[in-house]
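If you count the sequence shown from 1, position 68 lands on 739 in the numbering used here, and the numbers rise without skipping. C-beta atoms are modelled at their ideal positions from N, C-alpha and C, and glycine is treated no differently. The structure presented is a predicted model; accordingly, all values stated were derived computationally and were not measured. Structure record follows, encoded as structure tokens.
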Amino acid sequence: MITNVLIQLFERDFDHLTREISDFRDEKNLWLTPNDVNNSAGNLCIHLCGNLQHFIGAQLGNTGYVRNRPYEFGAKHIHRTELLKEVTKAKQIVIDTLKNISSEQLTEEFPIQVWGEAITNEFFLTHLHGHFTYHLGQISYQRRILDR
């Protein structure tokens, strides 16, 4: 079942996110935007956690999480330990929710329309993993530029 694959991928990539955030030599660099990049690594980290807690945790797992998207991109200078706590929390919510999704639920329509059209849970979960790795790559790239 695809949920088993998604669990493995999200576990791997949340662990990678933890390493990337931890590996910034200077914590201040988490909040810089090199080369006219719009979003800092810190904001991308907060965004990934909020995005997944909203779409997977709240929408599929009924966690009650309330997303604050402006905060995801507007927060500044959150301590690294707080970012890492949020990563750990988001990872647990995603994994717990995925473990409880049945194969029948995968073919059901996602609870809310995201792009103005109906999509299946399976389709959107696959999209969410791709979105996660896209931003994870941006974080990695920023770290390598800023830690030179």
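- Here the alpha carbons of Leu677 and Thr768 stand approximately 11 Å from one another.
- The residue among Gln813, Arg819, Asp818 with its C-alpha nearest the C-alpha of Asp707 is Gln813.
- Collapsing the DSSP output to three states places Thr791 in a strand.
- Here Gly713 is buried: its Cβ has 16 or more other Cβ atoms, across all protein chains shown, within 10 Å.
- Around the C-beta of Gln724, 16 or more other C-beta atoms lie within 10 Å, and the residue is accordingly described as buried.
- Val765 sits buried, since 16 or more C-beta atoms from the chains shown fall within 10 Å of its C-beta.
- Buried is the label assigned to Tyr736, since at least 16 other Cβ atoms lie within 10 Å of its Cβ.
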